Amino acid sequence: MSSLAARASVAVCAPAARAEEAELAREAAGWRRHLVRGLQALGLDPVAGAAPFVLVRVGPGIHTVLRERGYAVRRGDSFPGLGADWVRIAVRDPHTTDGLLRELQPVLGNLAARASAVGHPGASMVTASAHPTDRSAPPRRELTA
1 MSSLAARASV AVCAPAARAE EAELAREAAG WRRHLVRGLQ ALGLDPVAGA APFVLVRVGP
61 GIHTVLRERG YAVRRGDSFP GLGADWVRIA VRDPHTTDGL LRELQPVLGN LAARASAVGH
121 PGASMVTASA HPTDRSAPPR RELTA
């Protein structure tokens, strides 16, 4: 280990650094709760967890619409067992989260209205999503080329 790396190791283990880390973790947990509550207020059912992101089933194509509105969310189909109707939303500060939720609300309303208008069986998907850990649903098979 170089002397610079050794000094950095000592610095990040110092009581002040550990206290700062704990404060940042508390802040991030609060931001995550804010995001989860906001998604729940929209009728969604985000997956519980402690990661710096939230998985939630919103409907196909939502990530594209949000990207067009300036919000980048990751498609959920890159996670084993999830499909294109899931997204991964990174935990951000409440101001950024509130903006995302404001953009998401009319998009979800339009999706539900369109699905309902054509008698799509997934019309209620926006408010009744299954968690990837729900064992009552049949397992999905992921195929790769």
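If you're matching positions, the sequence shown starts at 1 in UniProt numbering and goes up one per residue. Cβ atoms here follow ideal geometry from the backbone N, Cα and C, with glycine treated the same way. Since this is a predicted model, take the numbers as computed values, not measurements.
Per DSSP, cross-strand counterpart(s) of residue i
i	result
V56	V87
R26	Paired residue(s): none; R26 is not in a bridge.
R74	R88
Sub-8 angstroms separation of residue i and residue j beta-carbons
i	j	result
P60	A41	no
V47	L55	yes
R69	E103	yes
A17	A8	no
Cα-Cα separation between residue i and residue j, rounded to whole angstroms
i	j	result
P94	I62	21 angstroms
M1	A19	25 angstroms
V87	A6	40 angstroms
V73	E21	26 angstroms
R33	P106	22 angstroms
S78	A14	38 angstroms
A25	G49	14 angstroms
V91	E23	16 angstroms
D45	E27	22 angstroms
F53	D98	15 angstroms
P121	Y71	Summary for P121: the model assigns pLDDT 42, below 50, so the residue's position carries little reliability; its value from the coordinates is reported in the next sentence. Taking the straight line from one Cα to the other gives about 28 angstroms.
G43	A29	21 angstroms
T96	G109	21 angstroms
Environment of residue i [buried if 16+ CB atoms lie within 10 Å]
i	result
G38	buried
E142	Note that E142 scores a pLDDT of 30, beneath 50, so its modelled location is shaky; the value from the coordinates is reported in the next line. The residue in question, E142, is exposed, as its Cβ has fewer than 16 Cβ neighbours within 10 Å.
G76	buried
R67	exposed
S136	For S136, the predicted structure reports a pLDDT of 41, less than 50, and the residue's modelled location is therefore unreliable. A value from the coordinates is still provided. Exposed, by the Cβ-count rule.
V36	buried
L82	buried
L4	exposed
beta-carbon residue i near the ligand GTP non-hydrogen atom, thresh 7 angstroms
i	result
I62	Because no ligand of any kind appears in the structure shown, any question about the ligand GTP cannot be addressed here.
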